[in-house]
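Quick notes on the structure that follows.
Number of protein chains: 2
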Amino acid sequence: MMRSLFAAFLLAAPAPVLAQSAPAPLPQVPVVIRTLQAAALEDHLAWKITEDLTTEVGPRLAGTAAEARARDWAVARLRSLGFSNVRIESFPITSWTRGAESVEIVGPYPQRFVIAALGNSASTGPEGITGEVVGFDSEQELETAPEEAVRGKIVFVSHAMSRTQDGSGYGFFGGPRRQGPSVASRKGALAIVIRSIGTDYHRNPHAGVQKFADGVKPIPAGALSIPDAEQLQRILVRAAANGGKPVTMHLTLVSQTQPAQSGNVIAEVPGRDPSLPPVLVGGHLDSWDLGTGAIDDAAGLAITTAAAHRIKSAGRPLRTIRIVWFGSEEIGLFGGLDYQKKYGGQPHHAIAESDFGAGRIWKVDSKLGKGRESEARMLQSALAPLGIVPGSLEAADGSDIGPLIAAGVPAVGLSQDGTHYFDLHHTPDDTLDKIDKEDLRQNVAAWTTMLAVLAGPIEPEPKRGKQR
Amino acid sequence: MMRSLFAAFLLAAPAPVLAQSAPAPLPQVPVVIRTLQAAALEDHLAWKITEDLTTEVGPRLAGTAAEARARDWAVARLRSLGFSNVRIESFPITSWTRGAESVEIVGPYPQRFVIAALGNSASTGPEGITGEVVGFDSEQELETAPEEAVRGKIVFVSHAMSRTQDGSGYGFFGGPRRQGPSVASRKGALAIVIRSIGTDYHRNPHAGVQKFADGVKPIPAGALSIPDAEQLQRILVRAAANGGKPVTMHLTLVSQTQPAQSGNVIAEVPGRDPSLPPVLVGGHLDSWDLGTGAIDDAAGLAITTAAAHRIKSAGRPLRTIRIVWFGSEEIGLFGGLDYQKKYGGQPHHAIAESDFGAGRIWKVDSKLGKGRESEARMLQSALAPLGIVPGSLEAADGSDIGPLIAAGVPAVGLSQDGTHYFDLHHTPDDTLDKIDKEDLRQNVAAWTTMLAVLAGPIEPEPKRGKQR
Chain A
522 MMRSLFAAFL LAAPAPVLAQ SAPAPLPQVP VVIRTLQAAA LEDHLAWKIT EDLTTEVGPR
582 LAGTAAEARA RDWAVARLRS LGFSNVRIES FPITSWTRGA ESVEIVGPYP QRFVIAALGN
642 SASTGPEGIT GEVVGFDSEQ ELETAPEEAV RGKIVFVSHA MSRTQDGSGY GFFGGPRRQG
702 PSVASRKGAL AIVIRSIGTD YHRNPHAGVQ KFADGVKPIP AGALSIPDAE QLQRILVRAA
762 ANGGKPVTMH LTLVSQTQPA QSGNVIAEVP GRDPSLPPVL VGGHLDSWDL GTGAIDDAAG
822 LAITTAAAHR IKSAGRPLRT IRIVWFGSEE IGLFGGLDYQ KKYGGQPHHA IAESDFGAGR
882 IWKVDSKLGK GRESEARMLQ SALAPLGIVP GSLEAADGSD IGPLIAAGVP AVGLSQDGTH
942 YFDLHHTPDD TLDKIDKEDL RQNVAAWTTM LAVLAGPIEP EPKRGKQR
Chain B
522 MMRSLFAAFL LAAPAPVLAQ SAPAPLPQVP VVIRTLQAAA LEDHLAWKIT EDLTTEVGPR
582 LAGTAAEARA RDWAVARLRS LGFSNVRIES FPITSWTRGA ESVEIVGPYP QRFVIAALGN
642 SASTGPEGIT GEVVGFDSEQ ELETAPEEAV RGKIVFVSHA MSRTQDGSGY GFFGGPRRQG
702 PSVASRKGAL AIVIRSIGTD YHRNPHAGVQ KFADGVKPIP AGALSIPDAE QLQRILVRAA
762 ANGGKPVTMH LTLVSQTQPA QSGNVIAEVP GRDPSLPPVL VGGHLDSWDL GTGAIDDAAG
822 LAITTAAAHR IKSAGRPLRT IRIVWFGSEE IGLFGGLDYQ KKYGGQPHHA IAESDFGAGR
882 IWKVDSKLGK GRESEARMLQ SALAPLGIVP GSLEAADGSD IGPLIAAGVP AVGLSQDGTH
942 YFDLHHTPDD TLDKIDKEDL RQNVAAWTTM LAVLAGPIEP EPKRGKQR
């Protein structure tokens with residue numbers, strides 16, 4: 522039912538609504554691809570990988586023993602699935618890990634909040650620090666504040682992030698986390714707490730990385746849950762109205778950094794012609810420490826791996842499919858940078874990454890380059906029955922593959938619906954139960970389709986031993 | 522629109538659906554009551570009380586300094602609203618407070634969970650305890666387990682609570698919390714962790730009281746968040762399948778008990794005839810410590826007080842309205858018991874309590890006793906335009922007023938929609954942002970209507986000084 526509905530949609534509006542005037546006809550999709558796609562809508566493997574990784578390893582913060590266990594788990598699983606050239610490619614990082622964390626309003630309205638330190642936060646030490654809170658409604662407001670309003674105080678920065686399907690709110694409203702700590706430190710702040718970059722209303726803070734700008738002294742930096750951030754806003758307003766009483770906060774954010782090892786896990790489906798550049802797909806193996814990293818990014822690994830497994834099970838594609846489970850994405854895209862260092866000089870037929878949760882794919886963008894429009898349009902045509910809108914032929918993005926895309930490597934972007942992604946992103950709530958199995962299957966079907974189009978015709982493996 | 526829709530519903534089905542055959546006509550509602558009801562649908566006071574209490578006091582656990590601040594806050598607010606006979610009636614309790622809490626699976630799949638101790642839990646001490654986990658799917662299964670399966674282990678009990686509008690799942694599925702700790706202790710368990718009694722999927726455990734049965738040794742008892750409980754179930758199944766490896770847990774639940782003071786806060790709208798028994802309305806002032814107690818039960822105080830304030834503003838009712846903000850409800854209904862001790866021997870015209878969140882009222886039950894059917898049916902008739910179904914004339918319930926109802930005091934039950942109540946109940950997520958302002962207004966309108974019916978005709982206050 523779902524697919525015939527989508528087929529009707531395809532006939533009615535194959536191009537974005539705003540460009541309906543002259544939709545060019547899309548190419549006919551080979552039966553073999555339609556067949557693979559239909560079978561992938563019954564996929565169980567992606568769920569199994571997601572469930573097993575999040576249960577047997579759980580949280581797997583970059584550079585920790587848990588991330589190392591995840592790599593070993595990954596190698597065993599990828600080998601047992603029959604992939605080739607399964608290996609770990611190690612690289613050194615500086616790990617950051619959290620310890621005890623708490624925050625309380627000392628006065629005028631004593632109460633505790635829920636907080637999580639941001640990545641690379643300085644440590645307050647176990648005794649914590651106490652200071653007066655000064656509030657700002659945005660990172661821009663903090664930027665323009667005079668130093669004397671900030672010096673020696675604990676800065677609080679809010680924002681007004683709202684839901685978007687494409688996740689664009691994350692870039693725009695992420696300023697308090699990305700730039701806020703450096704700006705506050707430059708103005709002499711004691712510490713900074715921000716409203717979590719998220720769209721939910723649960724007492725679960727959103728972790729996330731920030732990097733102090735060069736030459737800026739690290740200060741303690743944490744994210745309050747959104748209900749707590751709104752409570753702090755109310756308290757600041759009341760205290761100001763009530764004779765301008767100062768709002769005093771006691772903040773404890775213990776953390777440490779140390780040299781550590783991380784690594785990418787790589788596996789392949791060898792192509793019939795090893796001289797041809799591979800198609801790279803993947804996601805990241807590390808997760809934040811608060812949840813089990815189900816949507817960020819066990820699902821991405823699972824979707825892309827299940828798709829590659831379907832191609833492998835169908836026969837041998839023309840081109841090699843390379844699966845990369847990147848390490849240490851969350852704290853600085855280290856896995857992507859290591860891959861670029863080792864393989865960036867070699868050609869790739871296309872690269873694509875799944876790292877935006879487990880929501881349905883609603884749009885396909887690509888940037889395959891000159892002379893490959895027919896391939897890009899075949900991709901659009903083949904994906905449309907899954908309810909996927911043809912997007913740009915001049916755009917693609919990704920986090921770990923971002924540097925390669927920037928360097929001009931051909932890329933595809935399968936955009937997941939992010940309407941609810943930032944309810945869970947980087948929170949303790951990123952757990953298996955948040956994934957819808959049918960949505961996950963639609964993802965597997967889309968990635969299987971994409972690989973079937975880009976990795977080239979699949980030929981059955983020659984049978985050995987037995988005759989038909 | 523809402524009200525005319527409900528009026529249509531009333532004409533079609535004034536009685537429960539299953540008893541449609543012979544609906545008796547409901548009595549005509551006096552214009553003065555309809556007018557008060559309509560005005561109450563524009564109420565702002567209930568929101569204001571809820572916002573102010575949850576912001577300026579925040580969490581207010583029974584017997585703590587925060588509950589004492591809440592009483593002082595309550596007296597000031599009730600006096601400033603112009604109520605009479607505002608007072609605190611103190612009583613002693615044994616308070617229970619939590620300290621550091623953590624839980625981790627040591628093996629075979631190391632990871633941390635989120636937990637909250639249950640009320641009256643024994644303390645593990647700061648070093649915590651380590652033990653093998655034995656899992657049960659229900660409290661009944663634990664009951665029938667042989668002692669040797671439990672002795673020296675950490676018991677885990679799950680359950681299958683689902684949503685119900687009337688909250689009946691709480692009674693049925695609450696066994697792991699209410700009886701589980703005593704049963705586990707009797708069988709020699711080291712400690713017990715349960716799946717939170719709730720219906721959400723967030724990493725927020727549901728606190729709640731339990732009481733060790735007489736003669737039973739207190740053991741540490743905590744509630745895991747629901748995603749964590751499901752993760753533990755998966756881990757137990759995998760470990761058993763994987764060669765029967767034991768699942769080992771390290772559990773830290775620090776807590777202490779000590780003698781403390783609590784109290785009820787009482788205020789009145791004096792009736793024209795002080796010799797007549799009063800109408801009692803209220804909720805409870807204390808809350809669990811994890812959230813700010815917005816739906817449990819700031820909203821209940823706010824709804825009932827805003828309704829009484831509307832009656833007072835309209836003039837003087839025949840009967841006194843007594844508002845009671847009960848103390849220490851959560852840890853054992855102590856406020857209700859203290860009220861019963863002091864006033865249980867005196868007649869009450871009716872008693873009613875709002876303590877089931879801030880969802881819309883969908884049903885009215887009452888148990889007013891013989892010879893008062895016309896009053897009860899007027900109540901049904903007057904509430905129906907708010908979308909409230911006439912329920913039983915032989916039932917009413919409540920927690921703090923429960924002992925009085927059991928003793929035969931006439932009572933009314935305005936049932937709130939509890940479909941989402943157990944997503945938030947006793948969790949850190951019980952915060953202001955969860956309340957819908959329009960739902961809150963419908964509650965105020967219902968309680969105003971109920972008081973207008975039961976407290977008797979309101980007469981305008983004689984004007985003083987100025988002439989009309």
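Top line first, the protein sequences correspond to chains A and B. Per the numbering used here, the very first residue in the first sequence carries number 522; after that it's consecutive. Per the numbering used here, the very first residue in the second sequence carries number 522; after that it's consecutive. Glycine residues also receive a C-beta, built at the ideal position from the N, C-alpha and C atoms.
Assuming contact is defined by CB atoms lying nearer than 8 Å, are residue i and residue j in contact in what I supplied?
{"i": "A/Asp951", "j": "A/Ile816", "result": "yes"}
{"i": "A/Ala966", "j": "A/Leu566", "result": "no"}
{"i": "A/Glu850", "j": "A/Asp918", "result": "no"}
{"i": "B/Thr825", "j": "B/Trp968", "result": "yes"}
{"i": "B/Asp749", "j": "B/Val635", "result": "yes"}
{"i": "A/Val553", "j": "A/Ile979", "result": "yes"}
{"i": "B/Leu753", "j": "B/Pro702", "result": "no"}
{"i": "A/Arg707", "j": "A/Val676", "result": "no"}
{"i": "A/Gly848", "j": "A/Gly784", "result": "yes"}
{"i": "A/Trp594", "j": "A/Glu622", "result": "no"}
{"i": "B/Ala775", "j": "B/Leu972", "result": "As written in the sequence, residue 775 of chain B is Val, which differs from the Ala given in the question. No."}
{"i": "B/Gly729", "j": "B/His947", "result": "yes"}
Taking the alpha carbon of residue i as the reference point, which residue from the options has its own alpha carbon closest?
{"i": "B/Gln867", "options": "B/Asp886, B/Pro931, B/Pro767", "result": "B/Pro931"}
{"i": "B/Glu610", "options": "B/Ile718, B/Ala827, B/Leu858, B/His946", "result": "B/Leu858"}
{"i": "A/Thr575", "options": "B/Ile570, B/Gln632, B/Thr618", "result": "B/Gln632"}
{"i": "B/Leu797", "options": "B/Glu622, B/Trp809, B/Gly765, B/Arg843", "result": "B/Arg843"}
{"i": "B/Val885", "options": "B/Gly892, B/Lys891, B/Ser875", "result": "B/Ser875"}
{"i": "A/Ile740", "options": "A/Pro629, A/Gly764, A/Gly709, A/Gly814", "result": "A/Gly709"}
{"i": "A/Pro767", "options": "A/Ser601, A/Asp938, A/Gly729, A/Pro629", "result": "A/Pro629"}
{"i": "A/Ser991", "options": "A/Pro791, A/Tyr864, A/Ser659, A/His869", "result": "Examination of residue 991 of chain A is not possible in this model, given that chain A is present from 522 through 989 alone."}
{"i": "B/Ile872", "options": "B/Leu907, B/Leu935, B/Gly892, B/Ala597", "result": "B/Leu935"}
{"i": "A/Pro949", "options": "A/Ala560, A/Gln549, A/Pro580", "result": "A/Pro580"}
{"i": "B/Glu572", "options": "A/Glu751, A/Arg724, A/Trp809", "result": "A/Glu751"}
{"i": "B/His830", "options": "B/Ala820, B/Glu789, B/Leu582", "result": "B/Glu789"}
{"i": "A/Gln558", "options": "A/Ile832, A/Tyr691, A/Ser689", "result": "A/Ile832"}
{"i": "A/Lys674", "options": "A/Thr685, A/Gly656, A/Asp954, A/His680", "result": "A/Gly656"}
{"i": "B/Ala823", "options": "B/Ser642, B/Arg684, B/Asp960, B/Ala712", "result": "B/Asp960"}
{"i": "A/Gly908", "options": "A/Gly892, A/Lys958, A/Trp883", "result": "A/Trp883"}
{"i": "A/Asp794", "options": "A/Phe943, A/Pro838, A/Val607", "result": "A/Pro838"}
{"i": "B/Gly696", "options": "B/Tyr722, B/Ala879, B/Glu662, B/Arg724", "result": "B/Glu662"}
{"i": "B/Val933", "options": "B/Leu900, B/Thr618, B/Asp954, B/Asn641", "result": "B/Leu900"}
So, with DSSP's three-state summary, where would you put residue i?
{"i": "B/Leu532", "result": "Its pLDDT being 39, under 50, B/Leu532 is placed unreliably by the model, and nothing is read from it."}
{"i": "B/Met770", "result": "strand"}
{"i": "B/Lys674", "result": "coil"}
{"i": "A/Lys738", "result": "coil"}
{"i": "B/Ala976", "result": "coil"}
{"i": "B/Ser895", "result": "helix"}
{"i": "B/Ser601", "result": "helix"}
{"i": "B/Ala705", "result": "helix"}
{"i": "B/Arg608", "result": "strand"}
{"i": "A/His830", "result": "helix"}
{"i": "A/Asp817", "result": "helix"}
{"i": "A/Ala879", "result": "coil"}
{"i": "B/Lys884", "result": "strand"}
Kindly indicate if chain C contains any beta-carbon less than 8 Å away from that of residue i.
{"i": "B/Val635", "result": "No chain C is part of this structure, whose protein chains are labelled A and B."}
Exercise. Taking a Cβ distance cut-off of 9 Å, strictly less, list which residues of the stretch 564 to 581 of chain A are near chain B, in chain order.
Key: If you check each beta-carbon in the stretch 564 to 581 of chain A against every beta-carbon of chain B, the ones closer than 9 Å belong to Glu572, Asp573, Thr575, Thr576, Glu577, Val578, Gly579, Pro580.
Practice task
Anything in the stretch 741 to 769 of chain B with a Cβ closer than 9 Å to a Cβ of chain A? List those residues in chain order, please.
Solution key: Along the stretch 741 to 769 of chain B, going in chain order, the ones with a CB nearer than 9 Å to a CB of chain A are Ser746, Ile747, Pro748, Asp749, Glu751, Gln752, Arg755, Ile756, Arg759.
Which residues of the stretch 938 to 952 of chain A have a Cβ closer than 8 Å to any Cβ of chain B? Give them in chain order. Here the close residues are Thr948, Pro949, Asp950, Thr952.
Review point. Any residues in the stretch 958 to 969 of chain A with a beta carbon nearer than 8 Å to a beta carbon of chain B? Which ones, in chain order?
Key: For the stretch 958 to 969 of chain A, which is checked against every Cβ of chain B, not one residue is closer than 8 Å.
Next on the checklist: For the stretch 713 to 725 of chain A, list every residue whose C-beta sits within 8 Å of some C-beta in chain B, in sequence order.
Outcome noted: For the stretch 713 to 725 of chain A, which is checked against every Cβ of chain B, the residues closer than 8 Å are Tyr722, His723, Arg724, Asn725.
| Which of the residues in the stretch 616 to 642 of chain A, read from start to end, lie with their CB under 7 Å from any CB of chain B? | Flagged, chain order: Tyr630, Gln632, Val635.
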